[in-house]
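Letter by letter, the sequence shown follows residues 1 to 247 of my numbering. Here a beta-carbon is modelled for each residue, glycine too, at the ideal position from N, C-alpha and C.
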Amino acid sequence: MTHKIWLRMVVGHERERAAATRWASERAENVNEWGRNIDAALWREGEEFAMSLAESARPQVQRLVAAGVDLGGPGGIELLYFLTRLLRPTMAVETGVAAGWSTSAILAAMRANGVGHLHSSDFPFFRLPDPERYIGYLVPGDLRDLWTLRIKGDRRNLEEILLPGTEVSLLHYDSDKTRNGREFFLRRSRPHLTENHVIVMDDIQDNLVFREYAEAQPLFRVFEYMGKYIGMTGPGLAAVERGASTG
1 MTHKIWLRMV VGHERERAAA TRWASERAEN VNEWGRNIDA ALWREGEEFA
51 MSLAESARPQ VQRLVAAGVD LGGPGGIELL YFLTRLLRPT MAVETGVAAG
101 WSTSAILAAM RANGVGHLHS SDFPFFRLPD PERYIGYLVP GDLRDLWTLR
151 IKGDRRNLEE ILLPGTEVSL LHYDSDKTRN GREFFLRRSR PHLTENHVIV
201 MDDIQDNLVF REYAEAQPLF RVFEYMGKYI GMTGPGLAAV ERGASTG
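What follows is the structure in structure tokens.
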């Protein structure tokens with residue numbers, strides 16, 4: 001009986017993943033074309049930042065590889081830089097830091113804006129020795145004054161971040177990819193969203209949570225990135241596509 005239940009769960013998950021992948025692939029746009037059509041100069045600024053970060057981080061990444069540590073690579077950091085520059089958030093929240101690629105993009109854009117603070121949620125990779133030291137490993141020292149990192153896991157971290165009266169205009173979700181994890185994040189953050197917020201969610205092909213949420217919104221976008229899919233939605237997206245600042 002236990003084996004049958006397990007099989008049903010696995011088969012159900014794979015069917016949902018296949019449906020989510022199909023839905024995302026049918027709606028995916030080219031993120032570079034999207035960004036350039038909105039503001040070519042600002043998108044180029046994001047691309048230049050991404051190339052600069054990859055070059056400056058190369059020695060650190062090589063040290064990690066030599067030590068047998070794989071924290072993943074950059075994923076859509078041009079998009080996060082671009083959104084942060086246009087939205088000009090006073091407060092942003094991200095879940096899932098790992099090496100700190102996306103963290104660095106948001107922080108660098110905040111520095112360029114002259115406004116903003118990023119609150120990040122993560123949980124150490126316990127399969128690694130002294131795992132806390134790797135969280136945000138690549139985040140430049142001159143950006144860390146704009147950053148607060150918590151490492152107790154999303155459910156505990158978000159209780160500390162999303163205090164009564166807190167308002168967030170940019171959210172980036174890249175942590176627990178399960179249905180429960182995504183649904184908790186959306187439910188917990190909902191009371192704290194500004195009227196012009198944008199939510200970015202990575203790996204939306206893993207399940208149908210983003211589809212279910214996005215199709216109830218006025219506008220959403222899906223982008224393919226290195227064989228995976230990034231979803232973006234929220235009322236602030238319309239302003240972004242006009243090239244207007246919502247901050």
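Going by other Cβ atoms of all chains shown within 10 Å of its Cβ, with 16 needed for buried, is HIS3 buried or exposed?
Confidence is the limiting factor: at HIS3 the pLDDT is only 42, short of 50, which leaves the residue's position unreliable, though a coordinate-based value still follows. By the 10 Å Cβ count, HIS3 comes out exposed.
Backbone secondary structure at SER261 - three-state DSSP:
This structure cannot speak to residue 261, because the chain is shown only from 1 to 247.
What residue ranges within the region 139-203 form continuous beta strand (DSSP E) runs of no fewer than 3 residues, ordered along the chain?
147-150, 168-173, 193-201
Taking only three categories from DSSP, how would you classify ARG221?
strand
Quick one: what's ALA28 bridged to in DSSP?
VAL222
Straight-line Cα distance separating ARG17 from LEU7
Low per-residue confidence applies at LEU7: pLDDT is 41, beneath 50, and the placement is therefore not dependable enough to give any value.
TYR173 vs ILE151 beta-carbon contact at 9 Å
no
If you run the structure through DSSP and keep just helix, strand and coil, what is GLY46?
helix
Per the DSSP calculation, HIS119 is bridged to which residue(s)?
VAL93, THR148
With three or more beta-carbon pairs closer than 8 Å as the criterion, would you say the region 198-212 touches the region 223-238?
yes
DSSP three-state assignment for TYR213, whether helix, strand or coil:
helix
Beta-carbon proximity list for LEU190, same chain, < 7 Å, skipping 5 on both sides
The question names Leu, but residue 190 in the sequence shown is Arg. Cβ neighbours of ARG190 beyond the five flanking positions: none.
Rounded Cβ spacing between ALA239 and ASN180 (contact assumed at less than 8 Å)
The pair is not a contact, with the Cβ atoms about 32 Å apart (cut-off 8 Å).
Going by the beta-carbon positions, is the gap between LEU53 and ALA108 smaller than 9 Å?
yes
Using 8 Å as the threshold, is the region 215-224 in touch with the region 23-35, meaning 3 or more CB pairs across them?
yes
On the premise that VAL115 lies in contact with THR90, defined as a C-beta separation below 8 Å, what is that separation, rounded to the nearest angstrom?
6 Å
Pull up the DSSP beta-bridge partners for THR233, would you.
ILE199, PHE220
Our contact map puts ARG187 next to LEU158 with C-beta atoms below 8 Å; I'd like the distance itself, whole angstroms only.
The pair is not a contact, with the Cβ atoms about 10 Å apart (cut-off 8 Å).
LEU208, enclosing alpha helix (DSSP H) - first and last residue
That residue, LEU208, is in no alpha helix (DSSP H); it is neither H nor E in DSSP.
Rounded to the nearest angstrom, how far is the Cβ of LEU118 from that of ALA57, given a contact under 8 Å?
Not quite, the Cβ-Cβ distance comes to about 18 Å (not below 8 Å), so this is no contact.
Is it the case that the Cβ atoms of GLU167 and LEU193 are separated by a distance below 9 Å?
yes
When you compare only the Cα positions, how much space is there between ILE5 and ALA19?
Note that ILE5 scores a pLDDT of 46, beneath 50, so its modelled location is shaky; the value from the coordinates is reported in the next line. Rounded to whole angstroms, ILE5 to ALA19 spans 21 Å at the Cα level.
Taking only the alpha-carbon atoms, compute the straight-line gap between PRO59 and VAL65 and give it to the nearest angstrom.
10 Å
Apply the 10 Å Cβ neighbour rule to ALA98 and answer buried if 16 or more other Cβ atoms are within range, or exposed otherwise.
buried
Count the other CB atoms within 10 Å of the CB of LEU87; is the residue buried (16 or more) or exposed (fewer)?
buried
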